[in-house]
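In the numbering used here, the protein residues as written are 1 to 282.
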């Protein structure tokens, strides 16, 4: 099975390359701000399935760069989905819990009403809607709180800060499921195989369990890494950011298990693997 991946250097794409012999494209090979170029690559490829792991993920910067974020997160995947449809190729696209309003305490289900509260979420919703309207054989995988040994993420930020500080303040009223990029890649590969073999797609959720606060996530990071850091919980209101963050990022992943047999991963186990990777690389 030949897999074409957009987003060569991202966290999930990096893990896809570690787990399978995929053809991954970087910025020098495709300009994500040129949707027509993205579509042309799919029209001319010899792949059996296409995975879009590329995105504009600078959540705060998107508040001032919403136009370019919408092109990369919205128009580009729409063009990809249409090209994949025309080739009858399965198209898998990664999205986010930020398409919801972030309120309440119940885990978000794939069919719940969407209402993004920031520019990043709006740009990702444009992409989701474009992929769905394109039709064809598509699957949208919404995920949250992605971490890995690569790129910029919460785990690496906490470890970096702990090198010079033994007391940290971390938000404790945002709740979600930390999700390893390796687990996301593994899920996407299983979905790709199933869809190439005729399985229908749709919109699905995939996030680590159990859901925790950012503070609880930080405490576990320091516990597993053996670092003595005092973590103090603070409300979101005490940590203002340009983009509004959702308080509720919990996700109901039951549909993914029903359709593809993929269970929500234990993020603590996945965190241990990431910390091992970081230790081996140091």
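Using N, Cα and C, we set each Cβ at its ideal position, and we do this for glycine too.
Considering just the uninterrupted stretch of the alpha helix (DSSP H) at residue i, what are its terminal residues?
i	result
residue 121	119-134
residue 276	267-281
residue 160	154-162
residue 70	66-70
residue 139	Premise fails: residue 139 lies in the beta strand (DSSP E), 138-143, not in any alpha helix (DSSP H).
residue 245	Note, residue 245: premise wrong, no alpha helix (DSSP H); not H, not E.
residue 256	254-260
residue 283	Within the shown structure, residues of the chain are numbered from 1 to 282, placing residue 283 beyond reach of any answer.
Would you mind giving the Cβ-Cβ distance between residue i and residue j, rounded to the nearest angstrom? I have them listed as a contact below 8 Å.
i	j	result
residue 248	residue 175	6 Å
residue 121	residue 78	No, residue 121 and residue 78 are not in contact; Cβ-Cβ is about 17 Å, not under 8 Å.
residue 23	residue 185	Not quite, the Cβ-Cβ distance comes to about 15 Å (not below 8 Å), so this is no contact.
residue 101	residue 243	That pair is no contact at about 14 Å.
residue 42	residue 50	6 Å
residue 308	residue 108	No statement about residue 308 is possible, as the shown extent of the chain runs from 1 to 282 and does not include it.
residue 194	residue 260	6 Å
residue 262	residue 187	5 Å
residue 167	residue 245	With 8 Å as the limit, residue 167 and residue 245 do not qualify as a contact, their Cβ atoms being about 23 Å apart.
For residue i, count the other beta carbons within 10 Å of its own beta carbon; 16 or more makes it buried, fewer makes it exposed. Which is it?
i	result
residue 235	exposed
residue 191	buried
residue 197	exposed
residue 84	buried
residue 158	buried
residue 86	exposed
residue 177	buried
residue 105	exposed
residue 134	buried
residue 180	buried
residue 103	exposed
residue 44	exposed
Please confirm whether residue i and residue j have their CB atoms less than 7 Å apart.
i	j	result
residue 207	residue 115	no
residue 31	residue 8	no
residue 239	residue 155	no
residue 47	residue 4	yes
residue 53	residue 138	no
residue 146	residue 125	no
residue 141	residue 94	yes
residue 199	residue 275	no
residue 70	residue 123	yes
residue 150	residue 14	yes
residue 241	residue 65	no
Residue range of the beta strand (DSSP E) that residue i falls in?
i	result
residue 100	Taken as a continuous stretch (DSSP letters only), residue 100 belongs to no beta strand (DSSP E), as it is neither H nor E.
residue 92	91-96
residue 169	167-171
residue 232	230-234
residue 49	49-52
At which residue ranges does the region 196-223 contain complete beta strand (DSSP E) runs of 3 or more residues, listed in the order of the chain? 202-205
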